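Just so you know, we're using the numbering used here here: the sequence shown kicks off at 5 and counts up by one.
Note that beta-carbon positions come from the ideal geometry of N, C-alpha and C, so glycine has one too.
All figures in this text were calculated on a predicted structure; none of them were measured in a lab.
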Amino acid sequence: MPLRFPRLVVLALGLGLGTPCIAQQPLPVTSSPEERPDIDLYALMSGSCRTAKVDGREFPCKTVAFFHSEKGRAHFTVALDDPNDESHIIAFSGINGRRSIQNVYELPIDRMLLNSKHRPKVDGIPVPATQSSSGLCRQVGNFAMLKVTSVTCSAKDDTGRAYELQFISDGTPITLRRVRQTMTNAEHDPYQ
Numbered sequence: 005m006p007l008r009f010p011r012l013v014v015l016a017l018g019l020g021l022g023t024p025c026i027a028q029q030p031l032p033v034t035s036s037p038e039e040r041p042d043i044d045l046y047a048l049m050s051g052s053c054r055t056a057k058v059d060g061r062e063f064p065c066k067t068v069a070f071f072h073s074e075k076g077r078a079h080f081t082v083a084l085d086d087p088n089d090e091s092h093i094i095a096f097s098g099i100n101g102r103r104s105i106q107n108v109y110e111l112p113i114d115r116m117l118l119n120s121k122h123r124p125k126v127d128g129i130p131v132p133a134t135q136s137s138s139g140l141c142r143q144v145g146n147f148a149m150l151k152v153t154s155v156t157c158s159a160k161d162d163t164g165r166a167y168e169l170q171f172i173s174d175g176t177p178i179t180l181r182r183v184r185q186t187m188t189n190a191e192h193d194p195y196q
């Protein structure tokens with residue numbers, strides 16, 4: 005049961021990531037379709053982080069998850085094991101991810117989502133700050149086969165802070181969930 009809490013934290017964060025994020029400002033609570041979470045798929049991976057760095061500072065990680073939205077945005081989300089902040093979570097976020105070769109999915113990163121205990125909360129969940137960034141995540145494995153071997157991400161934000169992730173699976177099949185059935189736009193389908 006020790007992994008149950010981090011999994012719930014990552015799931016809650018992923019649902020929060022589906023809403024538009026405005027850096028340093030809480031989201032207004034509305035029911036308009038544009039502001040509702042649009043996560044349609046998440047994958048929870050079991051394994052360990054060889055590297056999880058934020059601006060040169062290394063952290064152990066609690067868990068790594070992948071979230072995909074109906075509009076094509078995807079996030080590799082990492083719950084960091086920070087003794088000073090149990091809400092320290094980062095997400096490498098991008099759009100138009102694709103399989104470059106068999107069993108390799110690449111996601112160009114255009115923003116980092118940064119969460120901590122100091123962030124404003126909506127419905128008790130911290131709203132991440134959005135930092136424009138550039139970088140790339142590469143996942144080796146296949147969601148359809150419930151197998152992910154590794155995830156590597158590297159990004160640098162507009163302020164010069166660097167973020168790095170090297171995740172290695174322990175071989176356990178991933179937990180894959182479709183949150184909402186939708187018609188997938190082939191242009192944004194990470195499985196084609």
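Which value, in whole angstroms, describes the spacing of the CA atoms of residue i and residue j?
{"i": "Lys66", "j": "Leu84", "result": "6 Å"}
{"i": "Lys111", "j": "Asn88", "result": "It is worth fixing the name first, because residue 111 is Leu in this sequence and not Lys. Roughly 30 Å separates the two Cα atoms."}
{"i": "Ala78", "j": "Ala69", "result": "11 Å"}
{"i": "Arg142", "j": "Ser136", "result": "19 Å"}
{"i": "Asn146", "j": "Tyr167", "result": "24 Å"}
{"i": "Tyr46", "j": "Asp127", "result": "21 Å"}
{"i": "Thr153", "j": "Ser97", "result": "20 Å"}
{"i": "Ser173", "j": "Thr55", "result": "13 Å"}
{"i": "Cys53", "j": "Ile113", "result": "19 Å"}
{"i": "Pro32", "j": "Gly51", "result": "Since pLDDT at Pro32 reaches only 38, below the 50 mark, its modelled position is unreliable, and the value read off the structure follows with that caveat. So the alpha carbons of these two residues sit roughly 36 Å apart."}
{"i": "Ser36", "j": "Gln106", "result": "Low confidence applies here, because Ser36 scores a pLDDT of 38, under 50, leaving its location unreliable; read the following figure in that light. Cα-Cα distance, rounded: 39 Å."}
{"i": "Ile242", "j": "Lys57", "result": "Because the chain here runs from 5 to 196, residue 242 falls outside it and cannot be looked at."}
{"i": "Thr81", "j": "His72", "result": "11 Å"}
{"i": "Ala148", "j": "Asp86", "result": "32 Å"}
Does the Cβ-Cβ distance between residue i and residue j come in under 8 Å?
{"i": "Ile99", "j": "Leu118", "result": "no"}
{"i": "Asp44", "j": "Glu90", "result": "no"}
{"i": "Leu140", "j": "Ser158", "result": "yes"}
{"i": "Val144", "j": "Val108", "result": "yes"}
Sorted by chain position, which residues of the same chain lie with C-beta nearer than 6 Å to residue i's C-beta, five sequence neighbours on each side aside?
{"i": "Thr179", "result": "Leu48"}
{"i": "Val183", "result": "Ile43 and Asp44"}
{"i": "Asp161", "result": "Met116, Gln135 and Ser137"}
{"i": "Gln170", "result": "Arg54, Thr55 and Thr156"}
Who are the near neighbours of residue i in its chain, counting only those whose CB is closer than 7 Å to its CB and skipping five residues on each side?
{"i": "Pro177", "result": "Leu150 and Lys151"}
Exposed or buried, residue i, counting other C-beta atoms within 10 Å across all chains shown (16 or more means buried)?
{"i": "Glu62", "result": "exposed"}
{"i": "Pro3", "result": "Because the chain is modelled from 5 through 196, residue 3 falls outside the range shown and cannot be assessed."}
{"i": "Arg181", "result": "exposed"}
{"i": "Gly175", "result": "exposed"}
So what's residue i in DSSP terms, helix, strand or just coil?
{"i": "Phe63", "result": "coil"}
{"i": "Pro177", "result": "coil"}
{"i": "Ile26", "result": "In this prediction, Ile26 has a pLDDT of 34, which is less than 50 and means its spatial position is unreliable; what the coordinates show is noted afterwards. Of the three classes helix, strand and coil, the one that applies to Ile26 here is strand, per DSSP."}
Which same chain residues end up closer than 8 Å to residue i when comparing Cβ atoms and leaving out the 5 residues on each side of it in sequence?
{"i": "Thr163", "result": "Gln135"}
{"i": "Gly60", "result": "Ala166"}
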